[in-house]
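Peer 1: Adding 1379 to a residue's 1-based position in the sequence shown gives its number in the working numbering.
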Amino acid sequence: MRAIDPGRDRQRSTPARSGRSGRRRFAPRGLRRRRCARVPVPPRARPRRARRHFARGSAPKPEGRAAPRSGQPREARGRIVHDGSIPRGAGYDARVQPSVGIPICQDDRGRFRPGRTYHYVHAAYAAAISRAGGIPLYLPEQPGASALVSRVDALLVPGGGDLAPARPYPPHVSFDLVPAAQLEFDRALLEAALGRGLPVLGICYGMQLLALAFAGALHHDIASDVPGAGPHRLPELEGRHEIRIEPGSRLAAIAGQAEARVGSRHHQAVSDAGPRLRVCARASDGVIEAIERPDGAFCLGVQWHPETDADALADSLFRAFVSAAS
């Protein structure tokens, strides 16, 4: 075996990097270390790198303290809470929106389809509440009216059918009575809302129900009970007449005017507002067109239909109602 000559082998050796910069060292060819085969690491033994995901078109946020998320409580983010507000998210305008419960009518006579019961209500009520900044919530007839009222910030009782008279009327007078189950449900909702001090707005049938809740009374047919009364049951697009608003009333403050033209489509009306409510508007023939509670929470009833009146009075009325629920 030939002895290794360091001087001879150094001339033919390949250069190897030294740990120090600027210098090279040479290892003899016979003593060079071979590169070992790479042993694969099992997948579970590999450390997992944390991945950072960014929305398309966005850049990573700088390191440091995280920015507050619009002041929204952590437990309320991303879901609807029961205080009548909506959790703030991207693009939300941060406006508090109260929820307004609207009991809907019940058809148990097969008008829409024989043998079926349907719930319905004019879409204009929800649209008016939405325009005023509220969240309309439909309330179909069901048990637990008090529990339902606890989930809303205000109650709007819309127009509906007729209330049954205590005495008989002439045969030519017809009544489209509210179903008994719906009437009981509406009364329970109204009683619960008044008991909790919620803002209440009654429209047409809702105003009449409000008067009865305060020990008032009704004209069950205006033509029979009020001799010389003008027409009040007119077509939707043509049934408008003048009303006079009582000065110093809550309605006068809302309307900002002493007279107005309103849409009227009814044949029943309030004859007595009761001891705790006061009359705040009348038609030119003396028929009561609006009642209100002078003290306490917002409590107002109107005989006309502001939800279909595209005028300043209707807008002011719904804005005042929703604002009272905020």
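Even glycine gets a Cβ: it sits at the ideal position worked out from N, Cα and C.
What you are looking at is a predicted structure, and each value in this text was computed from that prediction instead of being measured.
Determine the extent of the beta strand (DSSP E) in which LEU1597 is found, giving its start and end residues.
Peer 2: Along the sequence shown, one-based indexing puts residue 1597 at 218. Where LEU1597 is concerned, the enclosing beta strand (DSSP E) stretches over 1596-1598.
Peer 1: Inspect the beta-carbon positions of GLY1653 and ALA1571 and report whether they are closer than 9 Å.
Peer 2: In the sequence shown, the residue the question calls residue 1653 occupies position 274. In the sequence shown, the residue the question calls residue 1571 occupies position 192. No, they are not a contact pair.
Peer 1: Which partner residues does GLU1638 have in the DSSP bridge list?
Peer 2: Your numbering for residue 1638 matches position 259 in the sequence shown. Answer by DSSP bridge pairing, in chain order: ARG1623.
Peer 1: Answer yes or no: do LEU1573 and GLY1480 have a C-beta to C-beta separation smaller than 9 Å?
Peer 2: Mapped onto the sequence shown, residue 1573 falls at position 194. Mapped onto the sequence shown, residue 1480 falls at position 101. Between LEU1573 and GLY1480, the C-beta gap is not smaller than 9 Å, which leaves the two residues out of contact.
Peer 1: Could you pull the start and end residues of the beta strand (DSSP E) that LEU1588 belongs to?
Peer 2: For the purposes of this step, residue 1588 is identified with residue 209 of the sequence shown, where counting begins at 1. Element bounds for LEU1588: not the beta strand (DSSP E) but the alpha helix (DSSP H), 1584-1592.
Peer 1: Tell me the rounded alpha-carbon separation between HIS1620 and SER1643.
Peer 2: The sequence position of residue 1620 within the sequence shown is 241, counting from 1. The sequence position of residue 1643 within the sequence shown is 264, counting from 1. Going from the Cα of HIS1620 to the Cα of SER1643 covers about 7 Å.
Peer 1: Is the stretch 1580-1588 in contact with the stretch 1537-1550, if contact means three or more CB pairs nearer than 8 Å?
Peer 2: yes
Peer 1: Excluding the 5 residues preceding and the 5 following HIS1684 in the sequence, name in chain order all residues of the same chain whose CB lies nearer than 7 Å to its CB.
Peer 2: Here residue 1684 refers to the residue found at position 305 when the sequence shown is read from its first residue. Counting only Cβ-Cβ distances below 7 Å, and skipping sequence neighbours, we find GLY1538, ILE1582, CYS1583, GLY1642 and ARG1644.
Peer 1: How about HIS1611 and VAL1649: are their beta carbons less than 9 Å apart?
Peer 2: The residue given as residue 1611 occupies position 232 in the sequence shown. The residue given as residue 1649 occupies position 270 in the sequence shown. Against a cut-off of 9 Å, the Cβ pair of VAL1649 and HIS1611 comes out as no contact.
Peer 1: If you follow the beta strand (DSSP E) that VAL1479 is in, where does it begin and where does it stop?
Peer 2: The residue given as residue 1479 occupies position 100 in the sequence shown. Residues 1478-1482.
Peer 1: What's the call for ARG1492, buried or exposed, on a 16-neighbour Cβ count within 10 Å?
Peer 2: Locating residue 1492 in the sequence shown gives position 113, where the first residue counts as 1. ARG1492 should be labelled exposed.
Peer 1: Enumerate in chain order the residues of its own chain whose CB-to-CB distance from TYR1517 is below 6 Å, with the five nearest sequence positions on each side excluded.
Peer 2: As a first step, residue 1517 must be located in the sequence shown, where it is residue number 138. Contacts found: ILE1481 and ILE1483.
Peer 1: For a test of the three-state rule: what should DSSP assign to ASP1651, helix, strand or coil?
Peer 2: In the sequence shown, the residue the question calls residue 1651 occupies position 272. In this structure, DSSP gives ASP1651 an extended state, which the three-state scheme calls strand.
Peer 1: Check whether the Cβ atoms of ALA1703 and ALA1660 sit closer than 9 Å, and answer yes or no.
Peer 2: Within the sequence shown, numbered from 1, the residue matching residue 1703 stands at position 324. Within the sequence shown, numbered from 1, the residue matching residue 1660 stands at position 281. No.
Peer 1: Give me the Cα-Cα distance between ALA1507 and ALA1669, rounded to the nearest whole angstrom.
Peer 2: To locate residue 1507, count along the sequence shown from 1; it is residue 128. To locate residue 1669, count along the sequence shown from 1; it is residue 290. Going by the C-alpha atoms only, they are around 19 Å apart.
Peer 1: Between which two residues does the beta strand (DSSP E) containing GLU1671 stretch?
Peer 2: Along the sequence shown, one-based indexing puts residue 1671 at 292. Taken as a continuous stretch (DSSP letters only), the beta strand (DSSP E) holding GLU1671 covers 1667-1671.
Peer 1: Does ARG1640 pass the burial test, meaning 16 or more other C-beta atoms within 10 Å, or should it be called exposed?
Peer 2: Numbered from its first residue, the sequence shown carries residue 1640 at position 261. Exposed, by the Cβ-count rule.
Peer 1: For ALA1592, count neighbouring Cβ atoms within 10 angstroms of its own Cβ and tell me buried if that reaches 16, exposed if not.
Peer 2: Walking along the sequence shown from the start, residue 1592 turns up at place 213. ALA1592 should be labelled buried.
Peer 1: Measuring alpha carbon to alpha carbon, tell me which of GLU1686, ILE1622 and LEU1535 ends up nearest CYS1678.
Peer 2: Within the sequence shown, the letter at position 299 stands for residue 1678. CYS1678 has its Cα closest to that of LEU1535, out of GLU1686, ILE1622 and LEU1535.
Peer 1: The beta strand (DSSP E) with ALA1533 in it runs from where to where?
Peer 2: Walking along the sequence shown from the start, residue 1533 turns up at place 154. Residues 1533-1536.
Peer 1: Out of curiosity, what's the CA-to-CA distance linking ALA1446 and ALA1533?
Peer 2: Along the sequence shown, read from residue 1 onward, the residue named residue 1446 stands at position 67. Along the sequence shown, read from residue 1 onward, the residue named residue 1533 stands at position 154. Residue placement at ALA1446 is poorly supported in this model, since its pLDDT is 46, which falls under 50; the coordinates still yield a value, given next. Using only the alpha carbons, I get a separation of about 35 Å.
Peer 1: What are the residues that DSSP puts in a beta bridge with ASP1486?
Peer 2: If you number the sequence shown from 1, residue 1486 lands on position 107. For ASP1486, which the question treats as bridged, DSSP gives the partners TYR1497.
Peer 1: Using the Cβ count rule (16 or more neighbours within 10 Å means buried), how would you classify TYR1499?
Peer 2: Walking along the sequence shown from the start, residue 1499 turns up at place 120. Exposed.
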